[in-house]
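Inspection log for the structure reproduced underneath, given as structure tokens.
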Amino acid sequence: MPIMKGNSMWKYTFIRLRRNYLALIGFAILLMLILTAIFAEQLAPYGFADQDYMMIRKPPSAEHLLGTDEFGRDVLSRLIYGSRISLQVGLIAVSISLVAGGAIGAAAGYFGGKMDNLLMRVMDVQLAIPTILLAIVISSALGPGLFNLMVAVGITSIPRFARLMRASVLSIKNMEFIEAARAMGASHLRVILLYILPNCMAPLIVQSTLSVANAILFAATLSFLGLGIQPPFPEWGGMLSAARPYLRNSAYLSIFPGLAIMITIVSLNCIGDGLRDALDPKQKR
Amino acid sequence: MAILFTILYFTPGDPARIALGQEVTAEAIEAFRAEHGLNDPFVVQLGRYIYRAVFHADLGYSYVMKSPVSFELASRIPVTIKLAFWAVVFSTLIGIPLGIVCAIRQYSLLDSLTTLVTLLGVSMPTFWTGILLILAFSVHLQWLPSMGFGSVSEMVLPIVTLSGSAIAIIARITRSSMLEVIRSDYIRTARAKGQKESVVILRHALPNAMIPILTIISMQFGMLLGGSLITEAIFSISGVGRLMLEAINMRDYPIIQGGTLFISVAFCLINLSVDILYAFIDPRIHVR
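Chains A and B, in that order, give the protein sequences. FYI, my numbering numbers position 89 of the first sequence as 89, with every residue one higher than the one before it. FYI, my numbering numbers position 283 of the second sequence as 283, with every residue one higher than the one before it.
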């Protein structure tokens, strides 16, 4: 390994990451997806709700690259707009669970005792319910809609972040620099945010990446079951669900949205695995 | 038992905000609420629910079907259990050997291929796997039916669909757990005293690698019980999952509560039995 100036953890991580070609492919795909989502208006040949009754369920052609659906809407355009929803849900849902889970875990780990017991038992109870089931129950209670979907998906992965955060806090909080910070008069909040948090970023980042993949998958599943985004808004899972009656004659309607979901999840999983290896070189695979 | 109680506490909390149909009159809603005791404070409702569930095994009445929830559930549970059980068996039987082979031949072509396939496996949405399988085997090849769960041929596609991601996860864990064990001293000792390679792997290495594998299998069982909702929806299987989905569409909260409760309790029981199983596999762990 070459000698570097300012040899921070992040620089080493970046160098290790550059050798992992799967993670690089993942990053490339994710970048493309993000650009697609940002420039959806410019990229999509048609609007996501434009209906053309002369072109109902036409297979892929030069005019409609991925064909048209049961209302004569262009599948490619709907997929492009759908990337917006999926990425939004993924990011915001994970932000919800990261902030809530992180706060719970940090409080439990830092203060210990009764607080720790109470908070972590609540988390244990939530873990007793299979995550997808919990997401379904919460979103059925909240009702359909983009924001409710994000909340439902976000809540389900709170315990995972809480446990992770608690474990990292426990391993750090008795170190001397924390004691020094306290001795200098830093408040509990300041110690947690400025001294502890930066030192547990690595596992949190890995978990966040993998959770975004999970969140997108859950969002698609909920929409597939009719609990997430409602038509005409193009959500990949919802598109798959709408395509089911036409499986026999228009199979392409079922194939492309699923492919879009899978590519997104694969890229995020590659990045997550790559980051884990890069951030923690001691861990064997 | 304490965990069970807390789940009970948690589960009815979510759907407690009742939303009835829009077309009914205010008086009808009021009567309905009074009949089911929905006007009582949350704590009273919750207490009553727990009391009845624990002491009378009574989960209330379905709002829509007017029959006891426990009765509705009882008729559906065997199907869901059967589906999840066979999916676990199937994914274990494929996942563990696959992981072992990959660990023995690390970095071989088979290993990289499996890594790639497992990556795709964890990334495929269950419902899409199911749709693709229906497309291939029911629509095009016409080998297997796409609906129901009675005969063996009807069971194949749902089980394969449900086990897809579980196979991938089990194979991954088995591989990494075996890799760790294979490098240890006692494996070298076993080889040095001239044991056959198959005996070394199966009798010396595998039992020592079993704990993380078992953990992940028990976690997968819970995921599969939850995932059966989706599989049951795709293949029109009348199990607990479909009952719950119908109940969600009808806002039939007692059924949703009962179903969630059943799956959570089953999940806890599985985790408990796996914890006990650890002691048999690993003598270092004592049952206290």
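Note that CB positions come from ideal geometry on N, CA and C, so glycine has one too.
| Taking 8 Å as the CB-CB limit, is Trp86 of chain B close to chain A? | Translated into the one-based positions of the second sequence, residue 86 of chain B becomes position 86. Not one chain A Cβ lies under 8 Å of Trp86 of chain B.
| Would you say Ile265 of chain A faces chain B, with C-beta separation under 8 Å as the test? | Translated into positions along the first sequence, residue 265 of chain A becomes position 265. Taking Cβ atoms only, chain B reaches closer than 8 Å to Ile265 of chain A, which makes this a yes.
| Nearest-angstrom Cβ-Cβ length linking Pro203 of chain A and Leu164 of chain A, presumed shorter than 8 Å | Within the first sequence, numbered from 1, the residue matching residue 203 of chain A stands at position 203. Within the first sequence, numbered from 1, the residue matching residue 164 of chain A stands at position 164. Going by Cβ atoms, the distance from Pro203 of chain A to Leu164 of chain A rounds to 5 Å, so yes, they are a contact pair.
| Taking the alpha-carbon positions, what's the Thr282 of chain B to Ala44 of chain A distance? | Here the question's residue 282 of chain B lines up with position 282 in the second sequence. Here the question's residue 44 of chain A lines up with position 44 in the first sequence. With the sequence shown as reference, residue 282 of chain B is identified as Asp, and Thr is not the correct amino acid for it. The straight-line gap from Cα to Cα measures roughly 58 Å.
| message | Just verifying my parser: in three-state terms, what is the DSSP assignment at Gly21 of chain B? | response | Locating residue 21 of chain B in the second sequence gives position 21, where the first residue counts as 1. Because Gly21 of chain B carries a pLDDT of 44, less than 50, the predicted location of this residue cannot be relied on, and the following value inherits that uncertainty. Coil.
| task | Out of B:Ala136, B:Arg175, B:Ile263 and B:Ser67, state which residue places its alpha-carbon closest to the alpha-carbon of Ile104 of chain B. | result | Here residue 104 of chain B is taken as the residue at index 104 of the second sequence, counted from 1. Considering only alpha carbons, the answer is B:Arg175.
| Could one say the Cβ of Phe267 of chain B lies closer than 8 Å to chain A's Cβ atoms, at least one of them? | As a first step, residue 267 of chain B must be located in the second sequence, where it is residue number 267. Yes, Phe267 of chain B counts as interfacial toward chain A.
| Ile182 of chain B versus chain A: which residues are under 7 Å apart at the beta carbon? | Sequence index remark: in the second sequence, residue 182 of chain B carries index 182 (1-based). Chain A residues near Ile182 of chain B: none, gap ~11 Å exceeds 7 Å.
| Sufficient close CB pairs (3 or more, under 8 Å) joining the stretch 137-146 of chain B to the stretch 249-268 of chain B | no
| message | Less than 7 Å between C-beta atoms, sequence neighbours within five positions excluded: which residues of the same chain meet that for Phe27 of chain A? | response | Indexing the first sequence from 1 puts residue 27 of chain A at position 27. Closer than 7 Å at the Cβ level, and outside the excluded window around Phe27 of chain A, lie Ile271.
| request: Within the stretch 123-167 of chain B, note down every full alpha helix (DSSP H) run reaching 4 residues or more, in order along the chain. | output: 126-133
| task | Would you please state the rounded distance, in angstroms, between the beta carbons of Val200 of chain B and Ala190 of chain B? I believe it to be under 8 Å. | result | Working through the second sequence from its first residue, we reach residue 200 of chain B at position 200. Working through the second sequence from its first residue, we reach residue 190 of chain B at position 190. That pair is a contact at about 5 Å.
| request: Determine the DSSP secondary structure at Asp74 of chain A, reduced to helix, strand or coil. | output: Position 74 of the first sequence, counting from 1, holds the residue named residue 74 of chain A. Correct three-state label for Asp74 of chain A: strand.
| Between the stretch 256-269 of chain B and the stretch 232-245 of chain B, do at least 3 Cβ pairs fall closer than 8 Å? | yes
| field | N- and C-terminal bounds of the alpha helix (DSSP H) containing Gln195 of chain B | value | On the second sequence, position 195 is the one that residue 195 of chain B refers to. Run containing Gln195 of chain B: none; DSSP gives neither H nor E here.
| Cα separation between Asn249 of chain A and Gln142 of chain B? | Along the first sequence, read from residue 1 onward, the residue named residue 249 of chain A stands at position 249. Along the second sequence, read from residue 1 onward, the residue named residue 142 of chain B stands at position 142. In a straight line, the C-alpha of Asn249 of chain A is about 14 Å away from that of Gln142 of chain B.
| According to the neighbour-count rule (16 or more other Cβ atoms, all chains shown, within 10 Å of its Cβ), is Pro15 of chain B buried or exposed? | Position 15 of the second sequence, counted from the start, is the residue given in the question as residue 15 of chain B. At Pro15 of chain B, the pLDDT of 39 sits below 50, so the modelled position is not reliable; the number obtained from the coordinates is stated separately. Answer is buried; the Cβ neighbour count reaches 16.
| field | Met124 of chain B versus Asp69 of chain A - alpha carbon distance | value | Residue mapping note: residue 124 of chain B aligns to position 124 of the second sequence, counting from 1. Residue mapping note: residue 69 of chain A aligns to position 69 of the first sequence, counting from 1. Cα to Cα, the separation comes out at about 23 Å.
| field | Cβ of Leu113 of chain B within 8 Å of any chain A Cβ | value | Residue numbering aside, residue 113 of chain B sits at position 113 when the second sequence is read from its first letter. Not closer than 8 Å to any Cβ of chain A, the Cβ of Leu113 of chain B fails to qualify, so no.
| query | In or out: His64 of chain A buried (at least 16 other Cβ within 10 Å) or exposed? | reply | Looking up residue 64 of chain A in the first sequence gives position 64. The residue in question, His64 of chain A, is buried, as its Cβ has 16 or more Cβ neighbours within 10 Å.
| task | Determine the chain B residues that contact Gly258 of chain A at a beta-carbon separation under 9 Å, and present them in chain order. | result | Looking up residue 258 of chain A in the first sequence gives position 258. Near Gly258 of chain A (Cβ distances below 9 Å), the residues of chain B are Met124, Pro125, Phe127, Trp128, Thr129, Ile131 and Leu132.
| Excluding five sequence neighbours on each side, which residues of the same chain lie with their C-beta closer than 7 Å to the C-beta of Val101 of chain B? | Counting from 1 along the second sequence, the entry for residue 101 of chain B is found at position 101. Same-chain partners within the cutoff: Leu110.
| message | For a cutoff of 8 Å on Cβ pairs, would you count Phe161 of chain A as touching chain B? | response | Walking along the first sequence from the start, residue 161 of chain A turns up at place 161. Phe161 of chain A does not count as touching chain B.
| message | Using C-beta distances below 7 Å, list every residue in its chain close to Ala266 of chain B, excluding the 5 sequence neighbours before and after it, in chain order. | response | Residue 266 of chain B sits at position 266 when you count from the first residue of the second sequence. So the list reads Leu225, once near-sequence residues are dropped.
| task | Determine the chain B residues that contact Thr221 of chain A at a beta-carbon separation under 8 Å, and present them in chain order. | result | For the purposes of this step, residue 221 of chain A is taken as the residue at position 221 of the first sequence. Simply Pro125, Thr126, Phe127 and Ile230.
| said: Using a Cβ-Cβ cutoff of 8 Å, what residues of the stretch 152-166 of chain B are near chain A? List them in chain order. | reply: none
| Alpha carbon to alpha carbon, how far is Met115 of chain A from Ile216 of chain B? | Here the question's residue 115 of chain A lines up with position 115 in the first sequence. Here the question's residue 216 of chain B lines up with position 216 in the second sequence. Each residue's alpha carbon lies about 29 Å from the other.
| Name the chain A residues whose beta carbon is nearer than 7 Å to that of Ala233 of chain B? | Taking the first residue of the second sequence as position 1, residue 233 of chain B is located at position 233. Going along chain A in sequence order, the residues near Ala233 of chain B (Cβ under 7 Å) are Leu225.
| said: Contact between the stretch 258-276 of chain A and the stretch 111-126 of chain A is defined here as three or more beta-carbon pairs at a separation below 8 Å; is this criterion met? | reply: no
| request: Decide if Met294 of chain A is buried, meaning its Cβ has at least 16 other Cβ atoms within 10 Å, or exposed. | output: Lying outside 1 to 285, the shown extent of chain A, residue 294 of chain A is not represented and no answer is given.
| query | Nearest CA to the CA of Met201 of chain A: which residue from A:Met184, A:Tyr252 and A:Ser168? | reply | Your numbering for residue 201 of chain A matches position 201 in the first sequence. Considering only alpha carbons, the answer is A:Ser168.
| field | Contacting residues, own chain, Cβ-Cβ under 8 Å from Ala106 of chain A (five flanking each side not counted) | value | For the purposes of this step, residue 106 of chain A is taken as residue 106 along the first sequence, with counting starting at 1. So the list reads Met165, Arg166, Val169, Ile192, Ile196 and Leu197, once near-sequence residues are dropped.
| task | Determine the DSSP secondary structure at Pro68 of chain B, reduced to helix, strand or coil. | result | Counted from its first residue, the second sequence places residue 68 of chain B at position 68. If DSSP states are grouped into helix, strand and coil, Pro68 of chain B belongs with the strands.
| message | Taking the straight line between their C-alpha atoms, what separation do you get for Ala279 of chain B and Ile211 of chain B? | response | For this step, residue 279 of chain B is matched to residue 279 along the second sequence. For this step, residue 211 of chain B is matched to residue 211 along the second sequence. Spanning the two alpha carbons is a distance of roughly 10 Å.
| Count the other CB atoms within 10 Å of the CB of Met184 of chain A; is the residue buried (16 or more) or exposed (fewer)? | For the purposes of this step, residue 184 of chain A is taken as residue 184 along the first sequence, with counting starting at 1. Met184 of chain A is exposed by the Cβ-count criterion.
| query | Mind pulling the chain B residues with CB within less than 7 Å of Asn269 of chain A? | reply | On the first sequence, residue 269 of chain A is found 269 positions in, with the first residue counted as 1. Near Asn269 of chain A (Cβ distances below 7 Å), the residues of chain B are Leu119, Val122 and Ser123.
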